[in-house]
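Structure record follows, encoded as structure tokens.
Numbering (mature numbering (1 follows the signal peptide of the UniProt record, and there is no 0)), first residue to last: -27 to -1, 1 to 428.
Take a look at the structure:
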């Protein structure tokens, strides 16, 4: 079971894994982190990742689609999990849509779910040595079903006691804690295409979705939209609540003995004394979506809150043009600088006449644009702000767009002499909000979206 890589620690709890699988069917409590203590020698932070050392921290939280791998199965029902659950191996198992599902029913996850390898804040981590598929398979969507459950994002540290003999040979012990795990993200932090269903009065402290690896040598990187691929996420929240999560530990300070919780939404922006500006408080994030600026493919996010659901916290959407930074270089390695190298904000001169004639990317404008469509329906409520970061070009830099502009720019657009001439732009992303059937949005600070509709 021990397959060591640099700065990676294989979990050594084969027996504990087997016991965990056996007991999972009986609804019990699981701790994803453990500590192997040699009672005679002292634990050292300088070499705790060394498997041959006598004192080491263990991790047992990976999900597989075959429990004979020595891990949890794919359904928790009536259970309590303390720590971090990872679907890394489940999501990268070489098989499209093969049981790529995790179910959380009537359970409490005191911590979080991530699709990444589990690391602590010092970048030490664990793997089991299993080979994984590093190619993106568009449509191999991870399904996360959460019903009548809580994921609180409140597992900040793993605490343990180290016993050893001191210099005089006397038995002693020392209480310790790991580096902070709050930095790994909110309650649900995924970098795979995801379909998330939250139902039956569940409560989740933050969802963070990022565009992960999109490499596949069989996929086109631009040109005819008939060959385009998109990164798709869907979130449905029914009679449930999504609150803010926490990106930093919160237990180090408090008020009359009470520290802040990840689900506590402050609505306060953070002041940067160096720049003299206010910016978003990351610990107020309830939903976060961010595309990969180096990807050739757009990110489409569709979110629905329905049947009296609540969204308590900020929604953050970060968009970039597809591979724009390398768009005017041979970034796909075919030996030719062409429109297939990404969407270029400054344009391509494809016929070498000294005049740009296309922005490149995909032939249909929509395939070059990220989306976040957020709908609140049937008396649902959102308290928080919309933070939207995007790239855009003015009409003077649009060459062969099908539909031309797709939004308006508050700061207006200018011509080549710097004069204000318009407010229309073509953005890398579009953020829409719809309030249907008695739903409401209570903004706290300044928000920025492209379209707000009230039905």
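Positions of the beta carbon are idealized from the N, C-alpha and C atoms, including for glycine.
In the DSSP assignment, residue 29 falls outside any alpha helix (DSSP H) and within the unbroken beta strand (DSSP E) covering 29 to 32. Within the DSSP bridge table, the entry for residue 402 names 343 as partners.
Per DSSP, reduced to three states, the secondary structure at residue 200 is helical.
The Cβ neighbour count for residue 425, taken over all protein chains shown within 10 Å, is under 16; the residue is labelled exposed. Shown here, residue 63 sits in a helix according to DSSP, grouped into three states. In the structure shown, the three-state DSSP call for residue 138 is strand. In the DSSP assignment, residue 181 falls within the unbroken beta strand (DSSP E) covering 180 to 183.
Put simply, the backbone Cα of residue 132 is about 19 Å away from that of residue 158. For the pair of segments examined, the segment 213 to 222 was found to touch the segment 171 to 182: the number of CB pairs separated by less than 8 Å reaches three.
One Cα belongs to residue 406, the other to residue 208, and the distance between them is close to 14 Å.
Its Cα nearest to that of residue 402, the residue 290 stands out among 48, 290, 89. Beta-bridge partners of residue 82 (DSSP): 54, 124.
For residue 103, the closest of 315, 271, 90 by C-alpha to C-alpha distance is 90. Under the criterion of beta carbons closer than 8 Å, residue 275 and residue 392 do not qualify as touching, at roughly 39 Å.
DSSP, reduced to helix, strand and coil, places residue 381 within a strand of the structure shown. Rounded to whole angstroms, residue 1 and residue 410 show a C-alpha spacing of 41 Å. One Cα belongs to residue 58, the other to residue 390, and the distance between them is close to 55 Å.
With contacts defined by Cβ atoms closer than 8 Å, residue 259 and residue 364 do not form a contacting pair.
Setting aside the 5 residues that flank it on each side, residue 73 is surrounded in the same chain by 38, 63, 64, 66, 113, 114, 115, 116, each with a C-beta closer than 8 Å to its C-beta; the list follows chain order. The DSSP-derived three-state label of residue 223 is coil.
Judged by their CB atoms, residue 50 and residue 4 are not nearer to each other than the 8 Å cut-off. DSSP, read as helix, strand or coil, puts residue 157 in helix. The distance from the Cβ of residue 421 to that of residue 400 is about 11 Å, inconsistent with a contact at the 8 Å cut-off. Boundaries of the beta strand (DSSP E) harbouring residue 359: 359 to 362, taken from the DSSP string.
Per DSSP, reduced to three states, the secondary structure at residue 259 is strand. Where residue 90 is concerned, there is no enclosing beta strand (DSSP E), because DSSP gives it neither an H nor an E. Under the DSSP definition of a beta bridge, residue 253 lacks any partner. Checking the DSSP bridge columns, you'll see residue 205 partnered with 273. Within the same chain, Cβ atoms closer than 8 Å to the Cβ of residue 330 are found at 320, 321, 322, 323, 324, 372, 373, the five residues on either side in sequence being excluded.
Taken atom to atom, the span from the alpha-carbon of residue 394 to that of residue 335 is near 28 Å. Less than 8 Å divides the Cβ of residue 340 from the Cβ of residue 203.
Distance from the CA atom of residue 356 to the CA atom of residue 234, rounded to whole angstroms, is 17 Å. With 16 or more other Cβ atoms inside 10 Å of its own Cβ, residue 359 counts as buried. Here DSSP, grouped into helix, strand and coil, assigns residue 287 to strand. By the Cβ criterion, the segment 264 to 283 is in contact with the segment 183 to 194, since at least three pairs of Cβ atoms, one from each stretch, lie closer than 8 Å. The segment 187 to 201 makes no contact with the segment 139 to 156, as fewer than three CB pairs between them are under 8 Å.
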